[in-house]
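Undergrad:
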Amino acid sequence: MARARVRGIYATALTARLLDAGHEVVDASPPIRRRFDVEFENDPPDVRIETSGDRQGVGAHGDPDALDAVRGLLTDAGRDALAWADPTPPGAVLDGEVTETLGGGAVVDLRVGDGQAGGAGDEAGGAPAGAAEGYLPYGDVDARVETGDPVRVQVRESAAPWTDQRPELAGKLRVGGDLVALEPGSGTRVDVRDDEAARELSGMLDLLDLDPPDGWRAVWQPPAVDADTEALTAGLDAAVDAAEELRAAVESGEGSESVGGEANSDGGGLGVRGDRSRLRDAPVAAPSAGVWVWFGRESRSGLDDARRTATVTMPGHHRVKAGSADASAGVDLAEALCEPAAAAEFPFATVTDAFGPREGDALRIDHGKPDGRLITLGEGMVTGVDPDGTVAVEREMTGGGTYDGLGVERVAGDVAETSLKEGRWWYPTTYRGRDGTVRGTYVNVCTPVEIFPDAARYVDLHVDVVKRPDGTVERVDDDELDEAVAAGTVPEPLAEKARSVASALENAL
């Protein structure tokens, strides 16, 4: 069984599922402690589960075995939960090459080997092999970097594959958990904003003589304030062991070469490498594994059910919270004021009236791919919002090329009319010329559509149905869906649903 720390909008639901499966939840937040009749410990976690920055899913990182133990709880929330191994888990040390220099940092093409990054494995959906991009702030590397420089860096913060963010990198080692981190240097620092609490913790550390080993500086984190002496001692011991293991892995076969090729006594320098031939084509060290899990509408509903076992939960709780921070606050208020019936329908009209989209608004179409990428098909204007969950969007097209699957020339001034319905496994787009002539209809089969205030979101399931101007109907891209199943990016139950939807559409058209 694993010890997990959970944070974010899915924390209550995932805590319920973890506890039901016999896992231990540690370092629980105050709301979680109130909602569960459980004695939560403050032990260091084996795996950390946090909501992604855009609230669309979660990232889980930690010990590979612990990650294997809890991954199923994340991916079986619904058929439309999709997972990808993280090739850049926090703490991993990777080699790479600077490909671009920006105002505040450099873009680094990282060598991540087979994309497994510490054992997240094919069951997590895999990851693109060979390389990934990261961002190295200039302040986090000692030497000047230029395009073409070979570098060795450590991942500070990872990024979900469906976002436009790059993992954040640094040129020095940093190791540790929620209580204490170790970084190159000397002494002790207490990173706690409350001055009185910081003084009390500093006094306790002095009393216990909890000093880091030579060459390392201890940085104590806010959770250390509430930890007992046994936990503080264990936290430092664990950090020291991890630091020495990581430093040994980094130095294995590399000597003490560091920044600029010179020896570095503290062993914490990474940064610019003097010898390109010494760079590795796989992670230099990967002390943790990681997986990113995107939740679709069906999965969010399943998480609602899990959360409802612990506290009042309105229909569409996670669906609304995933839309925006303002909507998230509105959900909290609604649940504090009343207890909605569990069997009630998702209040689409109420949510869109309060947070959008409304007629006249701009709305993106965020087209997720089963391999984790996100492609924006463009932004259109909302021309109608129906209480039944249907939103009509129009986009004016540019000229050049042909419409995918239709084989019809794309002419400047054509209009794409898209009808999106909340929760439906497909949506049609009809292309019209300036004179209103129908140039064809493309029906996209996808995970259930979610219509957030600024974007409609789903994951494309490859197989689609087209209706050409002459009225002929064709089902396309079945081969791409079969290939995705074989590659592990689309689970078979989800693929079977996509095929069923495509067959029904083909017959209906």
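Per the UniProt record's numbering, the very first residue in the sequence shown carries number 1; after that it's consecutive. Heads up, the beta-carbon is just placed ideally off N, CA and C, and yes, glycines get one too.
What does DSSP give as the partner residue(s) for residue 290 in the beta ladder?
TA: Bridge partners of residue 290: 61.
Undergrad: Under 8 Å Cβ to Cβ from residue 499, same chain only, skipping five residues before and after it: list those, please.
TA: 463, 478, 481, listed in sequence order.
Undergrad: Residues bridged to residue 168 by DSSP?
TA: According to DSSP, residue 168 bridges with 135, 157.
Undergrad: Have a look at 390, 162, 154, 168 and flag the residue whose alpha-carbon is nearest the alpha-carbon of residue 137.
TA: Considering only alpha carbons, the answer is 168.
Undergrad: Measuring straight from C-alpha to C-alpha, what distance separates residue 399 and residue 363?
TA: When rounded, the distance between both Cα atoms is 21 Å.
Undergrad: Could you pull the start and end residues of the beta strand (DSSP E) that residue 347 belongs to?
TA: No beta strand (DSSP E) holds residue 347; DSSP gives it neither H nor E.
Undergrad: Could you give the uninterrupted runs of the beta strand (DSSP E) lying entirely in the stretch 167-198, keeping only those of 3 residues or more?
TA: Segments of the beta strand (DSSP E) lying fully in the stretch 167-198: 168-170, 180-184, 188-190.
Undergrad: Considering only residues of the same chain and omitting the five flanking positions on each side of residue 147, which have a CB-CB separation below 7 Å?
TA: Closer than 7 Å at Cβ, skipping near neighbours: 98, 99, 100, 101.
Undergrad: Looking only at C-alpha atoms, which of 486, 313, 330, 387 sits nearest to residue 371?
TA: Nearest C-alpha to residue 371: 486.
Undergrad: Could you spell out the range, first to last residue, of the alpha helix (DSSP H) harbouring residue 306?
TA: Here the alpha helix (DSSP H) through residue 306 covers 297-308.
Undergrad: How many angstroms separate the CA atom of residue 466 from the CA atom of residue 162?
TA: Straight-line Cα distance between these residues: approximately 27 Å.
Undergrad: Residue 493: buried (16+ other C-beta within 10 angstroms of its C-beta) or exposed?
TA: Residue 493 should be labelled exposed.
Undergrad: If you draw a straight line from the C-alpha of residue 38 to the C-alpha of residue 429, how long is it?
TA: Rounded to the nearest angstrom, the two C-alpha atoms are 51 Å apart.
Undergrad: What separation, rounded to the nearest whole angstrom, lies between the Cα atoms of residue 192 and residue 215?
TA: Taking the straight line joining both Cα atoms gives about 23 Å.
Undergrad: Compute the Euclidean distance between the alpha carbons of residue 222 and residue 35, then round it to the nearest angstrom.
TA: Using only the alpha carbons, I get a separation of about 23 Å.
Undergrad: Using a threshold of 9 Å, state whether the C-beta atoms of residue 515 and residue 289 are closer than that.
TA: No answer is possible for residue 515: it lies beyond the span of the chain, which begins at 1 and ends at 509.
Undergrad: By the 10 Å Cβ neighbour count, where 16 or more other Cβ atoms means buried, how is residue 375 classified, buried or exposed?
TA: The residue is exposed, with fewer than 16 neighbouring Cβ atoms inside 10 Å.
Undergrad: Can you tell me the Cα-Cα spacing of residue 181 and residue 283, whole angstroms?
TA: Spanning the two alpha carbons is a distance of roughly 21 Å.
Undergrad: So, is residue 104 buried or exposed, given that buried needs 16 or more other C-beta atoms within 10 angstroms?
TA: Label assigned to residue 104: exposed.
Undergrad: Could you check whether the Cβ of residue 304 sits closer than 8 Å to any heavy atom belonging to the ligand ZN?
TA: Ligands are entirely absent from the displayed structure, and the ligand ZN is therefore not among its contents.
Undergrad: Out of 344, 409, 28, 326, state which residue places its alpha-carbon closest to the alpha-carbon of residue 355.
TA: When only C-alpha atoms are compared, the closest one is 326.
Undergrad: Could you please give the first and the last residue of the uninterrupted alpha helix (DSSP H) stretch that includes residue 455?
TA: No alpha helix (DSSP H) contains residue 455, which is instead part of the beta strand (DSSP E) from 455-467.
Undergrad: Measure the beta-carbon distance from residue 319 to residue 297 and round it to whole angstroms, keeping in mind my assumption that it falls under 8 Å.
TA: That belief holds up - the Cβ atoms of residue 319 and residue 297 are roughly 6 Å apart, short of 8 Å.
Undergrad: Mapping DSSP to helix, strand and coil, what is residue 123?
TA: Residue confidence for residue 123 is low, a pLDDT of 41 falling below 50, so the modelled location carries little weight; the figure read from the coordinates is stated next. Looking at residue 123 - three-state DSSP - the assignment turns out to be helix.
Undergrad: Rounded to the nearest angstrom, how far is the Cβ of residue 171 from that of residue 239, given a contact under 8 Å?
TA: Contact flag wrong, Cβ pair sits at about 20 Å.
Undergrad: Residue 348 and residue 389 look like a contact to me (Cβ under 8 Å); what is the Cβ gap, rounded to whole Å?
TA: 5 Å between Cβ atoms; contact.
Undergrad: So, under 8 Å CB-CB, residue 357 and residue 385 are touching, yes? Tell me the CB distance rounded to an integer number of Å.
TA: Sure, about 7 Å apart at Cβ, within 8 Å.
Undergrad: Which residue comes first and which comes last in the alpha helix (DSSP H) that contains residue 485?
TA: Its alpha helix (DSSP H) spans residues 478-487.
Undergrad: State buried or exposed for residue 5, treating a residue as buried only when at least 16 other CB atoms are found within 10 Å of its CB.
TA: Classification for residue 5: buried.
Undergrad: When you compare only the Cα positions, how much space is there between residue 423 and residue 276?
TA: Roughly 51 Å separates the two Cα atoms.
Undergrad: According to DSSP, is residue 397 part of a helix, a strand, or is it coil?
TA: The answer is coil: DSSP assigns residue 397 none of H, G, I, E or B.
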